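Single-structure report; data block below.
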Amino acid sequence: MRLDNTPSGLFTGPAWRKQVALLTTENFWWHDTFGAHFHQAPEPELLARLNLGTQILQSQVHLGSSGERQRLALLRLLQNQPKVLLLDEPTANLDRENKTLVEQLILDYLRRYNACALWTSHDEHQIKRIASRHFRITDNSLLATDA
Amino acid sequence: MNLILLTPFDLALTASLIVLLALITYFSKLGITATLVIAAARTVIQLMLIGLVLKALFANAQLIWIAVMSLFMVMVAGYEITARQKHRFTGLWSYSIGISTMFISSFSITIIALAVIIQPDPWYQPQYAIPLLGMMLGNTMNGVSLAVDRLTTSIAQNRGVIEAQLILGYSSQTAISSLLRDSIRTGMIPIINAMAAAGVVSLPGMMTGQILSGTAPMEAVKYQILIMFLITASTGFSTVLAARLTARRLFDERHRMRLDRLRTLK
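Sequence order for the protein chains is L and Y.
Residue numbering for the first sequence follows our numbering, beginning at 1 and increasing consecutively.
Residue numbering for the second sequence follows our numbering, beginning at 1 and increasing consecutively.
Now the structure itself:
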């Protein structure tokens, strides 16, 4: 496996994971507040793009809704500026409005950082909106469908 | 002052206290009666045996026999450490970590204490060497087994959080640093408490023994201070080392968590 022509073996594990970032469906938090999980507080405009106020950074993790946690987990992951995103149902806990916001943010990110994403979804409409290529997993095999 | 000799009847009388305790735990269904009785029986048998061994060893004080005895003690302590773990490494890793850390710390500190500080003649005189090593190993073993058990348990319990940090590109050292700190503290707290309470709450066992056998209190105190410091150093070094080795074994060179290297007892 290679990233920008560099074999994965030349990266340390942590360095590789900063470049090839995985967003899991279940997100974990280990500090009391959301803000403590960021090296640098996200810009207010960035938070606003996901319908989040700056006060969310000071609030307790266990008081956050699943939707807030999911959106903040995405921002936390993007702080590393990864080249490849592995997104496991990144909008599963979101309502339609926030779902669109997250989709747009990710697509903008990919364009801006010349990155790519492998994105799993159960939502046919979402796939039509975002995907440049589409594969379907059926019976343990991967089938290319028309995008 | 002469030592008052204990008769078998004296010991039988004390044993009746254990029997009483066993009965109470049995009828209260505490589920600890068998463990209690077996441990009490082990105390009698093991101490009787060691009494015989020491008698023979003292009569025949050659370095080779003392070395054999010491190595045996280190091995048993290593086994005990492993036996107290809820999560153990597959293969011989748990034994190796326990035995090697005690060898590096307890064993070498005992030798330094004998050869440089106490200086009996010869330096390996078993009346000094064996009890000293025994006290070191007993305490060190407790510290190491507490720390390692705490570390493996907390890493297994916090698997999700640790993996989330690894996913974000944290190194394994960073991801478990607070758990490692906690586990080392857990291992060292008993001996630190023992130092803090020494003389005020409890008279340490060795000092009590020396006083009972007629040593002047200040002489017994000096020995106890020496022993306390040696034990603390031995426990501390071993605990730090064992916890670090354990942490290292739980991750591989790609900083992946390797809980598959543990097997869990129910």
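Each residue gets a CB set at the ideal place from its N, CA and C atoms; glycine is no exception.
Computed from a predicted model, the values in this text were never measured in an experiment.
Taking C-beta atoms as the reference points, Ala-175 (chain Y) and Pro-126 (chain Y) fail to come closer than 8 Å. Between Leu-212 (chain Y) and Gly-134 (chain Y), the alpha-carbon positions lie close to 20 Å from each other. Met-1 (chain L) carries a coil assignment under DSSP once its states are collapsed to helix, strand and coil. The residues Phe-34, Ile-56, Leu-72, in chain order, have a CB closer than 8 Å to that of Gly-64 (chain L) in the same chain once the five nearest residues on each side in sequence are set aside.
Note: Asp-88 (chain L) is bridge-paired with L:Thr-120 in the DSSP secondary-structure output.
Apart from the 5 residues on each side of it in sequence, Gln-60 (chain L) sits with its Cβ closer than 7 Å to the Cβ of Asp-32, Thr-33 in its chain, given in chain order.
If you compare the alpha carbons of L:Thr-100, L:Leu-107, L:Glu-68 with that of Val-84 (chain L), the shortest gap goes to L:Leu-107. Rounded to whole angstroms, Gly-13 (chain L) and Leu-118 (chain L) show a C-alpha spacing of 20 Å.
If you look at Leu-72 (chain L), you'll find it in the alpha helix (DSSP H) that goes 66 to 78. Counting the other Cβ atoms within 10 Å of the Cβ of Asp-95 (chain L) gives fewer than 16, which makes it exposed.
In the DSSP assignment, no residue is bridged to Ile-130 (chain Y).
In summary, the residues of the segment 4 to 26 of chain L whose CB is separated from some CB of chain Y by less than 9 Å are Thr-12, Gly-13, Pro-14, Ala-15, Trp-16, Arg-17, Lys-18, Gln-19, Ala-21, Leu-22, Leu-23, Thr-24, Glu-26, in the order they occur in the chain. Annotation for Asp-88 (chain L): Leu-22, Leu-23, Thr-24, Thr-25, Thr-120 place their beta carbon closer than 8 Å to its own, counting only its chain and skipping 5 residues before and after.
For a Cβ distance threshold of 9 Å, nothing in chain Y lies close to Leu-50 (chain L): the least Cβ distance comes to about 18 Å. Here the C-alpha atom of Ala-196 (chain Y) lies approximately 31 Å from the C-alpha atom of Ile-50 (chain Y). Residues of chain L with a Cβ closer than 7 Å to the Cβ of Arg-254 (chain Y) are, in chain order, Gly-13.
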